[in-house]
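Participant: Heads up, the sequence shown is in this note's numbering, so the first residue is -14 and it goes up one at a time. The structure follows.
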Amino acid sequence: MDEKNLNRWLNSRKARKAALTADTLFNGIQNQSVKDLSQAITLLESTLESDQKIAKKLISKCLPYSGQSIRIGITGVPGVGKSTFIESFGKLLHNEGKKVAVLAIDPSSEVSGGSILGDKTRMEEISTLPNIFIRPTPSGKSLGGVAQKTREAIYLCEAGGFDVILIETVGVGQSSTMVHSMVDFFLLLMLSGAGDELQGIKRGIMEMADSLVITKADGDNLEKAKKAANEYKNAMHLFPPSENNWIPKSIICSAYTNFNIDLVWDTIQQFIKHNQENGWLEHNRQIQDNYWFEESVRETLIQHFLDNPTSKEFIKDLKLQIEQKSISAIQAADILFNQLINKNGSN
Ligand code: GDP
């Protein structure tokens, strides 16, 4: 066999292997194998090119089966009670016969070396239930990259027949905005008795919320929670109405006593029905797809630029010029861009 034929043969063998693995994983996912689903998400998160190839194939296979779940984002400052709420909420859904996947976005895990859901003490009870799948946050260099992986994990879970997908964020910063762009319903958990500034809640995050839940409404805290819920309800009335004409609810609940956990679920179902009827649910998912398409283009372009040896040299030189104040940072970016475009254009 000459070299050309050998390469062709090797490539086709590689392609067959890749196809087989994507097929196997896909069948496993469709047959409700948690092991295959976990493996598939690991592949998705891998930076190896060969794994990425299989992952891409797998996503294409899963896409036609995606979109059937209710995607719920859950955000709130650390300590507000997110994981305890998810335990209680997950149990309720489980009792209703729902398959539930819990995914997370925790950009800090890369820094701390741990992950919010990696800790086994979190969500101990539901993690043992059948039909509940808990996946720790993917790690990654950029929040956008981490979020992309979570978004693709949603497709895999949906192809596996999960009815409800919960996506938790560790805090209320940029990761909340990312999660907001990939869910149907965005739930903001709040503490009573702590000022907004204390909770680091920006008005923007409140405006994104489809409903707000005051946690820990039990014992001595119950009255305080009621008062806070009323205050937030009034505050939300001042916000401009949302495009889908949904009026966000302000609910109190306790994950300890399960008080009003069912009301949260009822509210989410009402919201989904409302948005299915007015067409917003589909429309919103299309807007999200466009957003993630543009986000991916940005990520890929940046990576391509930065990894390119030629641009590395340019960048080094331009940084020096910025330092010497011979050009501004914006001018430097312009020069870099034009030089690379011309270079690629002349290739
Ligand atoms: P997370 O950091 O947002 O995930 O918060 P956790 O779920 O870990 O909860 C933080 C603390 O609040 C823990 O000590 C919980 O036991 C407590 N907690 C959570 N939910 C409730 C609740 O419904 N009532 C009361 N009283 N405490 C709660």
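Even glycine gets a Cβ: it sits at the ideal position worked out from N, Cα and C.
Comparing C-alpha positions only, which one of THR295, GLU228, ASN(-8) and ALA132 sits nearest to LEU325?
Facilitator: Among THR295, GLU228, ASN(-8) and ALA132, the Cα nearest to that of LEU325 belongs to THR295.
Participant: Counting beta carbon pairs with one atom in the stretch 50 to 61 and one in the stretch 211 to 221, are three or more of them shorter than 8 Å?
Facilitator: No: the two stretches stay apart, fewer than three of their Cβ pairs being nearer than 8 Å.
Participant: Taking DSSP as the reference, what is the three-state secondary structure of ILE64?
Facilitator: The sequence shown places Gly at residue 64, rather than the Ile named in the question. Three-state result, GLY64: coil.
Participant: Is there at least one non-hydrogen atom of ligand 1 closer than 7 Å to the beta-carbon of GLY178?
Facilitator: no
Participant: Output needed for TRP277: all residues of its chain with C-beta closer than 8 Å, excluding positions within five of it in sequence on either side, in chain order.
Facilitator: The residues are GLN133, ARG136, SER166 and MET167.
Participant: On the three-state DSSP scale, how would you describe ILE307?
Facilitator: Looking at ILE307 - three-state DSSP - the assignment turns out to be helix.
Participant: Residues in the same chain with beta-carbon distance under 6 Å from PHE74, minus the five sequence neighbours each way, listed in chain order, please.
Facilitator: ILE246
Participant: Could you check whether the Cβ of THR69 sits closer than 7 Å to any heavy atom belonging to ligand 1?
Facilitator: yes
Participant: So, are the CB atoms of LEU141 and ALA25 less than 8 Å apart?
Facilitator: Judged by their CB atoms, LEU141 and ALA25 are nearer to each other than the 8 Å cut-off.
Participant: Say the cut is 7 Å; is the CB of THR336 nearer than that to a heavy atom of ligand 1?
Facilitator: The structure shown has nothing for residue 336, since the chain only spans -14 to 332.
Participant: Could you give the distance in angstroms between the alpha-carbon of ALA86 and the alpha-carbon of LEU77?
Facilitator: 14 Å
Participant: Please classify PHE224: does DSSP put it in a helix, a strand, or coil?
Facilitator: coil
Participant: Report, in whole angstroms, the separation of the C-beta atoms of ILE57 and ILE190, which I expect to be a contact under 8 Å.
Facilitator: Not quite, the Cβ-Cβ distance comes to about 16 Å (not below 8 Å), so this is no contact.
Participant: When burial is assigned at 16 or more other CB atoms within 10 Å of the CB, is THR113 buried or exposed?
Facilitator: exposed
Participant: Please list the terminal residues of the continuous alpha helix (DSSP H) segment that includes VAL19.
Facilitator: 19 to 30
Participant: Any heavy atom of ligand 1 within a distance shorter than 7 Å of the CB on ASP203?
Facilitator: yes
Participant: Nearest CA to the CA of LYS234: which residue from LEU207, PHE224 and GLY13?
Facilitator: PHE224
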